[in-house]
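Same order as they appear, the protein sequences are chains A and B.
If you count the first sequence from 1, position 12 lands on 12 in my numbering, and the numbers rise without skipping.
Each number in my numbering corresponds to the 1-based position in the second sequence with 1000 added.
Don't be surprised by glycine CBs; every beta carbon is placed ideally from N, CA and C.
Values in this document were obtained by computation on a predicted structure and should not be read as measured data.
Everything on this sheet refers to the single structure shown next.
Protein chains: 2
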Amino acid sequence: MGRVGLSAERLTRAGAELADEVGFEAVTASALARRFGVKVASLYSHVRSSQDLRTRIALFALEEMADRAGEAVAGRSGRDALAALANVYRDYAREHPGRYAAAQLRLDPATAAASAGVRHARLTRAILRGYDLDEPDQTHAVRLLGSVFHGYVSLELGGGFSHSAPDTDTTWARTLDALDALLRNWPAPPPTT
Amino acid sequence: MGRVGLSAERLTRAGAELADEVGFEAVTASALARRFGVKVASLYSHVRSSQDLRTRIALFALEEMADRAGEAVAGRSGRDALAALANVYRDYAREHPGRYAAAQLRLDPATAAASAGVRHARLTRAILRGYDLDEPDQTHAVRLLGSVFHGYVSLELGGGFSHSAPDTDTTWARTLDALDALLRNWPAPPPTT
DNA sequence: TCACGTGCCTAAAGGTTATAGGTGCAAACC
DNA sequence: GGTTTGCACCTATAACCTTTAGGCACGTGA
C-alpha cells in the first residue's frame, strides 16, 4: 500500500473539488478518504478534524475569490470596477458553487481576521474611490454592496429567481446600474424631523 | 412508558425551538427524540426522514415569517412599508436564528411553489405599489430588495459586520434610506450606446 | 369483554467522526 | 552497510446518527 502523498493542501484542494461536485455539506472526511483510496483515519494525520477540513476549504475559497477580485478591479474605476468586482462573485459562485458555499462558513473572529476576508472588504472599499463618499457613509456603502452581492448570488444559486419572467442576467445588469446610480447619488442622512 | 403525544406538528415546533438553541444544522432526529424523552425510531412514525423533518421546519419558519410580514405591511406604504417589511426579516433572524437558517433551506421546486415563499414574493411586490415602477423593472426591484434583505441579514447574523465602527443599526437605517431613494428614483434602462 | 389500531418500543444494520496504537518504508546517521 | 528514527498510512475500537423491521401494550369502539 504505497503512500498516496496526502497533505493538508492536497486534502483542501480535493475537498474544494468535491464540494463543487456534491455540495459543501456533503464534504466529509469519509468521502475524501474514499476519493484518495485511503482509510479515513489517515486523514487525521494531516487535518485535525472534519471541522478543520471545512475551515481550510473555506479559507482556500476566500483566497481564490480574493485573487480573482484583485485582478478584476485592477485598473478599473467607477461603474466599470463595480461590475467587475460583482461579476467575480457571481461567476465564481456559478463555476464553483461548493466553494462559494464554503466561503460562507462562519469563522471564529481570529480566523476571520487572518483570512482573505479582509482583502474582500478592502477591495469593496477601493471600488468606492470612484464615488464621492466620506465616512461613515463609505462603510454603510461597503456593507450595502456586500449585502447585495452576497444576497443576489446566493438567492440566484439557490434557485430563488428561477422560473420567472425577466432572465436573471438582465436583472443582474439592472441591479448594477441601480447600485451605480445609488452610489453616484447617495442620499443625505435622514431629516430626523 | 406513557405516550408522549408525538405528531408531525409537535416535532416541527420543537425542532424549530431546537434550531434556535443549537443551530439548524444541529437539529437531528436523535436530538429531538432526546428532547421528547423518546427513542429515535419513534419519530419515524410521524416524519419520513431527517430531511423531511428539516423541510417541515423550513416551511414552518417561512409561514411564521410571512405571517409577521403580512401584518407589518398592512396599512403602510412607501418607505414606511419598506422599513416594516425589512425589519420583520431582520428581527426574525435575530430572534430566531435557527429558524431563519432553516428558511434558507433549498426546497425542490414543487415544495417551494406550495410554500409561504410565494407570499413573501407577493408582499415584496406589494411594497412597490408605493413607488412608480412598471414591469419588468418591478421584478428587477423585487429581486434587488430580496437580495439586500437576505444578504444584509445573513451577513450581520454571521458576524460579517461585527467589530467595526458605525454600528449596524445605523447602517441598516441608512440602507433603508438608500433603497427608498433608489426606488423613488429608479434609473432608466442603460444607454446601450 | 374482546378485538383492534396505533403509539412507542427493541433490535439491528450501515454510515460518519474520532482516538489509540501498530507497521513498514526511506532517509539520516555512524 | 547496518542501525535508527520519523512519518505515512493502517487496523481496531468506540460513540453517535439514520433508517427499517417487527413486537408489545394501551386505549377506544363494538
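- By the rule that beta-carbons nearer than 8 Å mark a contact, Arg125 of chain A does not touch chain B.
- For Val1148 of chain B, the C-beta contacts it makes with chain A under 8 Å involve Leu144, Ser147, Val148, Gly151, in order along the chain.
- Rounded to whole angstroms, Trp186 of chain A and Gly70 of chain A show a C-alpha spacing of 25 Å.
- Fewer than three Cβ pairs drawn from the segment 1135-1154 of chain B and the segment 89-102 of chain A lie within less than 8 Å of each other, which leaves the two stretches out of contact.
- Between the segment 1065-1084 of chain B and the segment 1121-1137 of chain B, the count of Cβ pairs shorter than 8 Å is three or higher; the stretches touch.
- At least one CB atom of chain A sits nearer than 8 Å to the CB of Asp1177 of chain B.
- Taking 8 Å as the CB threshold, Arg174 of chain A lines the interface with chain B.
- Interface residue (Cβ-Cβ distance to chain B less than 8 Å): Thr139 of chain A is classified as such.
- By the CB criterion at 8 Å, Val1027 of chain B and Leu1018 of chain B fall inside the cutoff.
- CA-CA distance, Gln104 of chain A to Arg143 of chain A, rounds to 16 Å.
- With contacts defined by Cβ atoms closer than 8 Å, Leu62 of chain A and Gly15 of chain A do not form a contacting pair.
- Only residues of its own chain outside the window of five on either side were considered, and among them Ala1029 have a CB closer than 6 Å to the CB of Ser1050 of chain B, listed in chain order.
- In the three-state reduction of the DSSP assignment, Thr1028 of chain B falls in the coil class.
- Cβ neighbours of Phe161 of chain A within its own chain (closer than 8 Å, five residues either side excluded): Leu155, Thr168, Thr171.
- At least one CB atom of chain B sits nearer than 8 Å to the CB of Arg106 of chain A.
- Of all alpha-carbon atoms in A:His120, A:Leu11, A:Glu64, the one lying nearest the alpha-carbon of Asp52 of chain A is that of A:Leu11.
- Leu1043 of chain B sits close to Leu1006 of chain B, with the two beta carbons spaced by under 8 Å.
- With respect to chain B, the C-beta atom of Thr12 of chain A has no partner C-beta closer than 8 Å.
- Setting aside the 5 residues that flank it on each side, Asp20 of chain A is surrounded in the same chain by His96, Pro97, Gly98, Arg99, each with a C-beta closer than 7 Å to its C-beta; the list follows chain order.
- By the CB criterion at 8 Å, Leu183 of chain A and Ala141 of chain A fall inside the cutoff.
- Contact with chain B is absent for Thr55 of chain A, since none of that chain's Cβ atoms lies less than 8 Å from the residue's Cβ.
- For Val1088 of chain B, the CB contacts under 6 Å within the same chain, skipping 5 residues up- and downstream, are Arg1068, Ala1069, Ala1072 in chain order.
- Residue A:Ala8 holds the alpha-carbon nearest to the alpha-carbon of Thr55 of chain A among A:Pro166, A:Ala181, A:Ala8.
- With fewer than 16 other CB atoms across the displayed protein chains lying within 10 angstroms of its CB, Val1040 of chain B is exposed.
- The beta carbon of Ala1165 of chain B falls within 8 Å of a beta carbon belonging to chain A, placing the residue at that interface.
- Cβ-Cβ distances below 8 Å link Val1047 of chain B to Ala1008, Leu1011, Ala1029, Leu1053, Arg1056 in the same chain, with the five nearest sequence neighbours on each side left out; the list follows chain order.
- If you look at Ser50 of chain A, you'll find it in the alpha helix (DSSP H) that goes 50-73.
- Among the CB atoms of chain B, one or more fall inside 8 Å of the CB of Phe161 of chain A.
- Taking 4 residues as the minimum length, the alpha helix (DSSP H) runs contained wholly in the segment 93-118 of chain A are 97-103, 109-113, in order along the chain.
- Sorting A:Ala165, A:Thr124, A:Glu25 by C-alpha distance to the C-alpha of Asp1137 of chain B places A:Ala165 at the top.
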